[in-house]
């Protein structure tokens with residue numbers, strides 16, 4: 024299988040689909056918002072975008088199943104490949120008119136991510152990677168930041184929005200990191216946080232309560248850009264384990280702070 028060719032095809036699909044998402048933003052009404060759960064929002068734009076992506080991805084690799092946020096298509100047990108699809112990562116931003124949201128698509132072979140594409144829609148930036156092939160922004164190679172310490176780092180994170188049981192531990196992490204870094208940013212899209220880490224805009228990113236479609240593509244892009252990714256324990260259960268740390272050389276110091284407070 025030619026992973027580079029597949030990744031390039033997916034990148035073209037995301038660019039095309041991003042035009043629909045951006046055009047729909049100008050006409051979007053909050054009256055169309057639906058709730059899947061507490062503060063878990065969805066709209067017709069998410070659903071229509073996923074339908075278009077699934078249709079295009081089926082043409083690229085017909086034998087693959089799907090793990091898709093809005094459930095447009097599914098994976099069967101006998102399918103060794105699966106697309107992991109987030110049609111609009113940053114839906115809450117989108118609905119409130121904040122220009123930070125992205126399409127995120129990863130290809131998984133058994134339990135390993137082998138291709139990833141994140142299309143940041145408003146800046147029209149397409150981040151890509153395939154296993155062993157490096158990471159790219161609009162076709163140009165990217166690398167993580169060369170910083171090795173928190174004192175030289177700008178960090179990204181996300182805030183809990185439905186599961187608040189560990190809020191105090193999380194706030195303790197934020198308090199310490201505020202004092203040890205250049206600062207913390209909350210963009211509202213894990214996919215964007217990850218690719219910004221991959222290209223050196225952030226030195227690191229961490230969050231919990233994540234879904235696989237939030238992070239599958241972005242984590243591969245970070246790794247192929249020379250970064251390190253783990254769960255909070257330092258293990259590799261970060262696609263389905265709902266928590267992750269992704270960073271450049273500052274990873275080890277960042278992980279130490281998180282583990283100090285996270286129980």
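In my numbering, the protein residues as written are 24 to 286. Virtual Cβ for every residue (Gly too), placed ideally from N, Cα, C. Predicted model, so just to flag it, every value in this text is computed and none were measured.
Item, Value
"Identity of the residue in 254, 174, 172 and 157 nearest residue 166 by Cα", "157"
"Euclidean distance between Cα positions of residue 21 and residue 196", "Residue coverage of the chain in this structure runs from 24 to 286, which leaves residue 21 outside it and unanswerable."
"Contact set for residue 182: own chain, Cβ-Cβ below 7 angstroms, skip 5 residues either direction", "209"
"Proximity to residue 24 [Cα-Cα], best of 86, 252 and 144", "86"
"Residues bridged to residue 164 [DSSP beta-bridge criterion]", "159"
"Residue 115 versus 66, 246 and 127, residue with shortest Cα-Cα distance", "66"
"CA nearest to the CA of residue 201, picked from 71, 285 and 174", "174"
"CB of residue 232 within 8 angstroms of CB of residue 191, strictly", "no"
"Residue of 94, 205 and 117 minimising C-alpha distance to residue 44", "117"
"Assigned exposure category for residue 216 - 16 Cβ within 10 Å defines buried", "buried"
"Segment contact, 8 angstroms Cβ cut-off, at least three pairs: the region 91–103 with the region 72–79", "yes"
"Contact between the region 232–249 and the region 122–130 (3+ Cβ pairs under 8 angstroms)", "yes"
"Same chain, Cβ closer than 8 angstroms to residue 72, neighbours up to 5 away in sequence not counted", "40, 43, 44, 110, 111 and 126"
"Whole-angstrom distance between residue 276 and residue 220, CA atom to CA atom", "16 angstroms"
"C-beta contact flag for residue 274 and residue 218 at 8 angstroms", "no"
"Span of the alpha helix (DSSP H), counted from its first residue to its last, around residue 260", "Element bounds for residue 260: n/a, residue is neither H nor E."
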